[in-house]
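These notes are about the structure you will find just below.
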Amino acid sequence: MTTAPAPTLPTSVTVYEVGPRDGLQNEAGQVPTEVKAAFVERLLAAGLPIVEATSFVHPRWVPQLADAAEMLALLEERIGDRARDLPVLVPNDRGLDRALELGCRHVAVFGSATETFAQRNLNRSYDEQFAMFEPTVRRARDAGMQVRAYLSMCFGDPWEGAVPVEQVVAAGRRLLDLGASALSLGDTIGVGTAGQVGELVAAFGEAGIGPERLAMHFHDTYGQALANTYAALQAGITTFDASAGGLGGCPYAKSATGNLATEDLLWMLRGLGISTGADLDAVVATSAWMARQLGRPSPSAVVRALAGSGS
Ligand code: MG
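Numbering (the UniProt record's numbering), first residue to last: 1 to 311.
Dropping the structure here:
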C-alpha cells in the first residue's frame, strides 16, 4: 500500500548512487574488479538511474579504486556504451585526461567548504582549490561532458566545528560559476540536523541558486540522515546521494556508519509515495550479495530487515 504524497513534497526523486565509488573507496578491503563491475551492473538493473562508477584519484591516495580504467572497460563489455554515461570522479586535470581517454561523458569534482579540509584532502588552500578546478571543469564542459561538483563539510567540520552558512553558499557558488551543472552538498561527518538543512537551502535560494541545482549527500553517523532528507524534501530538493547497503565507513569516526544507505532512503520514499524508479528488493539483494563479498554484514537497517526475510 502506498500513500499519496503530502502536497509539500515532490512526487519523484532522483537517487544518485555512490556506493561503487564513495562506498568502496572507504572500505578497508580490496574488491576484485569483476565484482565491482557486477555491482554497478546490478545497481543499474535494479532501476537506479545514476550510478557513480569509480574515481580517477591517484592510486597512492585511493588504492581501492586503482583499477578504475580496467573496471570501466569490463563494464563496457557488459553494458555497452551506457558505461560512458556513468559519472566518474576526477580530482584534477590528470584525472580528467584519463576520463577523456576512456570517452566518459559525466565527471564529478570534489571541493571543500572549509580551509582545513581543503588542505588535508586536496593539498590546496581553500582559494587554491578553485584555481585547480577551473581548467578541469572548463575542459570537461568544452568536451561536452556533464559536470557535477561535490562540496564537502557543508554542515560541520571535524577541525573547524560549525561551518557558517554564508561560507558554504560562497563555495558552492564558485563551483557552479566554474561551470558545474549540479552541486552536491555533503554532510561529510554526519553532524547536520534538520533545521540546518532548511536554512542552507534557503540561503542558496537567496543567492539565486534554486533547489533544482542542488543535491544532498547525507551521512548517518549521528543517525540524522533520514530526518535531514525529509527536511530537504520539504525544502524542494529532488536529488539525493546514497550508497547501496550503506557502504563506506566514515574515516573520521571509526565503527560509525557513513553514507546514507540507498535502501533506507528508498524505504522512506516508498512510504511517502515518492517514486524513484528503483526496485527496493533488487537493491537489497545486491547489497546482501556485496556484503557476502566483503565478508561483513551491511550496516543498513533496511537491508538487515529485508535481506533476512528472504528478499
Ligand atoms: Mg559520502
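Glycine included, C-beta positions come from ideal geometry on N, C-alpha and C.
A quick note: this is a predicted structure, and the numbers were derived from the prediction, not measured.
By the C-beta density criterion, HIS219 is buried, having at least 16 other C-beta atoms within 10 angstroms.
Beyond the five residues adjoining it in sequence on each side, LEU280 comes within less than 6 Å, by CB distance, of LEU266 in the same chain, given in chain order.
PRO299 is classed as buried because its beta carbon has at least 16 other beta carbons within 10 Å across all chains shown.
Per DSSP, the beta bridge partners of LEU151 are GLY111 and LEU185. Of the heavy atoms belonging to the ligand MG, at least one sits nearer than 7 Å to the Cβ of VAL18. For ASP157, the distance from the CB to the nearest heavy atom of the ligand MG is not below 7 Å. Within the region 111 to 180, the alpha helix (DSSP H) runs of at least 4 residues that lie entirely inside it are, in chain order, 126 to 142 and 165 to 178. At least one heavy atom of the ligand MG falls within 7 Å of the beta-carbon of ASP22. Going by DSSP, ALA215 is part of the beta strand (DSSP E) stretching over 214 to 217. Note: GLU17 is bridge-paired with VAL51 and ALA242 in the DSSP secondary-structure output. Contact check between the region 179 to 192 and the region 220 to 231: three or more CB pairs, one atom from each, fall below 8 Å, which counts as touching.
By DSSP's assignment, ALA261 forms a beta bridge with SER243. A Cβ-Cβ separation of about 4 Å places PHE56 in contact with GLY95 under the 8 Å criterion.
Set against 7 Å, the gap from the CB of ASN259 to the closest heavy atom of the ligand MG is smaller.
In the structure shown, LEU89 adopts extended strand secondary structure according to DSSP, grouped into three states. Cβ contact annotation for ALA113 (same chain, cutoff 7 Å, sequence separation greater than five): LEU151, SER152, MET153, CYS154, VAL163, GLN167, VAL168 and ALA171, in chain order. With contacts defined by Cβ atoms closer than 8 Å, ALA242 and LEU269 do not form a contacting pair. Distance from the C-beta of GLY190 to the nearest heavy atom of the ligand MG is not below 7 Å. Taking all protein chains in view, the Cβ of ARG296 is surrounded by fewer than 16 other Cβ atoms within 10 Å, so the residue is classified as exposed. When C-beta atoms of the region 71 to 81 are compared with those of the region 119 to 133, fewer than three pairs fall below 8 Å, so the two segments do not count as touching.
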